[in-house]
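*Asks:*
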Amino acid sequence: MAALVCLGAGAASPDDLVESDPSPETPDTARIVLERVIDGQAIARSGGKLVRWITGSTPNRALERPYGIAWDGDDLIVTDPGAGRVIRISRKNKVKTSPAAVFDTPIGVAVCPSGIVVTDARLGRVTLLDHKLRRVRDLADGLERPTGVACAESRVYVIETGAHRILALDPSRHSDPGIDLAWGRRGSGPGEFNFPA
């Protein structure tokens, strides 16, 4: 309050109390150009290549974005949607991968009597692999985001997240692969699902 009284009494003018800096110079023309916007989906679709290109780093790991797991004897089977592949890791840490271009976004994996079954959410496909991770055939195609997979008796059960249903496939049908049974639809009542996973 004393300082306020002093100012009010004319002891100093506001110009005497504040020194002003000159305004900064106008900056040069911007050297940054927005080429395109990259969202999280674009980064995910690049399989880690975009991040490696930006950072200049090379990965020293076998997995980029591990997701689904299943045991095949003593070996661990892992889906890696970040790399678009399926990986087998032995007890002795030997790593084997599925061939290139078989998968885009492998999510679910189950070891069944007929082989290793993998769902690919982006391709809308359920694929049967042999135990060396070689593609045998597709069990179903044209699905809406298949995710989870399990085996029981002679059937393969698949969650079709985008269609809000569960499917039963018969892997022994070689000539006409497809859906044997389907349950569910979108909703909150009995027998209904809302994006099951």
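Count along the sequence shown from 1, add 1125, and you get the number used in our numbering.
For glycine and all other residues, C-beta sits at the position ideal for the given N, C-alpha and C.
Remember, predicted model here, so these are calculated numbers, not experimental data.
Considering only the alpha carbon of each residue, which of PRO1296, GLY1240, ALA1322 and ALA1277 lies closest to ALA1288?
*Replies:* As a position in the sequence shown, residue 1288 is number 163, starting the count at 1. The shortest Cα separation from ALA1288 among PRO1296, GLY1240, ALA1322 and ALA1277 belongs to ALA1322.
*Asks:* Report the option in GLY1233, VAL1242 and GLU1317 whose CA atom is closest to the CA atom of ASP1255.
*Replies:* Walking along the sequence shown from the start, residue 1255 turns up at place 130. Among GLY1233, VAL1242 and GLU1317, the Cα nearest to that of ASP1255 is on VAL1242.
*Asks:* According to the neighbour-count rule (16 or more other Cβ atoms, all chains shown, within 10 Å of its Cβ), is THR1206 buried or exposed?
*Replies:* Working through the sequence shown from its first residue, we reach residue 1206 at position 81. For the sequence presented, residue 1206 should be read as Pro rather than Thr. By the neighbour-count criterion, in which a residue is buried when 16 or more other Cβ atoms sit within 10 angstroms of its Cβ, PRO1206 is buried.
*Asks:* Measure how close the beta-carbons of PRO1191 and SER1239 come, nearest whole angstrom, since I'm counting them as under 8 Å.
*Replies:* As a working mapping, residue 1191 is identified with position 66 in the sequence shown. As a working mapping, residue 1239 is identified with position 114 in the sequence shown. About 24 Å separates the two Cβ atoms, so there is no contact after all.
*Asks:* Determine whether the Cβ of ARG1250 lies closer than 9 Å to any Cβ atom of chain B.
*Replies:* This model lacks chain B altogether, as it is built from one protein chain only.
*Asks:* Rounded to a whole number of angstroms, what is the C-alpha to C-alpha distance between ARG1311 and ILE1202?
*Replies:* The sequence position of residue 1311 within the sequence shown is 186, counting from 1. The sequence position of residue 1202 within the sequence shown is 77, counting from 1. Approximately 32 Å, taken between the alpha carbons.
*Asks:* If you compare alpha carbons, which of ASP1199, ARG1213 and VAL1281 is closest to VAL1251?
*Replies:* Along the sequence shown, one-based indexing puts residue 1251 at 126. Answer by Cα proximity: VAL1281.
*Asks:* From the DSSP output, which residues share a beta bridge with GLY1309?
*Replies:* On the sequence shown, position 184 is the one that residue 1309 refers to. According to DSSP, which records beta bridges pairwise, GLY1309 is partnered with nothing at all.
*Asks:* Specify, as a first and last residue, the run of the beta strand (DSSP E) that TYR1192 falls within.
*Replies:* As a first step, residue 1192 must be located in the sequence shown, where it is residue number 67. It is not in any beta strand (DSSP E) - TYR1192 carries neither H nor E in the DSSP assignment.
*Asks:* Is ARG1213 buried or exposed, if buried means 16 or more other CB atoms sit within 10 Å of its CB?
*Replies:* In the sequence shown, the residue the question calls residue 1213 occupies position 88. Buried, since its Cβ has 16 or more Cβ neighbours within 10 Å.
*Asks:* Compare the beta carbon distance of VAL1274 and VAL1220 with 9 Å and say whether it is the shorter of the two.
*Replies:* Locating residue 1274 in the sequence shown gives position 149, where the first residue counts as 1. Locating residue 1220 in the sequence shown gives position 95, where the first residue counts as 1. No, the pair does not count as a contact, with Cβ atoms beyond the cut-off.
*Asks:* When you compare only the Cα positions, how much space is there between SER1313 and PHE1320?
*Replies:* Counted from its first residue, the sequence shown places residue 1313 at position 188. Counted from its first residue, the sequence shown places residue 1320 at position 195. Answer to the nearest angstrom: the Cα atoms are 11 Å apart.
*Asks:* What separation, rounded to the nearest whole angstrom, lies between the Cα atoms of ARG1216 and PRO1224?
*Replies:* On the sequence shown, residue 1216 is found 91 positions in, with the first residue counted as 1. On the sequence shown, residue 1224 is found 99 positions in, with the first residue counted as 1. About 21 Å.
*Asks:* Is the beta carbon of GLY1249 closer than 9 Å to that of ARG1262?
*Replies:* Here residue 1262 corresponds to residue number 137 of the sequence shown, with the count starting at 1. Here residue 1249 corresponds to residue number 124 of the sequence shown, with the count starting at 1. No, these two residues do not count as a Cβ contact at 9 Å.
*Asks:* If distances are taken between C-alpha atoms only, which option among CYS1237, ARG1260 and THR1230 comes closest to GLY1198?
*Replies:* Numbered from its first residue, the sequence shown carries residue 1198 at position 73. Answer by Cα proximity: CYS1237.
*Asks:* So the candidates are GLU1317, ASP1200 and GLU1189; which of them puts its Cα closest to the Cα of LYS1257?
*Replies:* Residue 1257 sits at position 132 when you count from the first residue of the sequence shown. Its Cα nearest to that of LYS1257, the residue ASP1200 stands out among GLU1317, ASP1200 and GLU1189.
*Asks:* State the Cα-Cα distance for the pair ILE1304 and LEU1292, rounded to the nearest angstrom.
*Replies:* Locating residue 1304 in the sequence shown gives position 179, where the first residue counts as 1. Locating residue 1292 in the sequence shown gives position 167, where the first residue counts as 1. Between ILE1304 and LEU1292, the C-alpha separation is close to 6 Å.
*Asks:* By the DSSP assignment, the beta strand (DSSP E) with THR1230 in it spans what residues?
*Replies:* Your numbering for residue 1230 matches position 105 in the sequence shown. From DSSP, THR1230 is part of no beta strand (DSSP E); its letter is neither H nor E.
*Asks:* Based on the DSSP secondary-structure assignment, which residues constitute the bridge partners of PRO1101?
*Replies:* There is no way to answer for residue 1101, as the model of the chain reaches only from 1126 to 1322.
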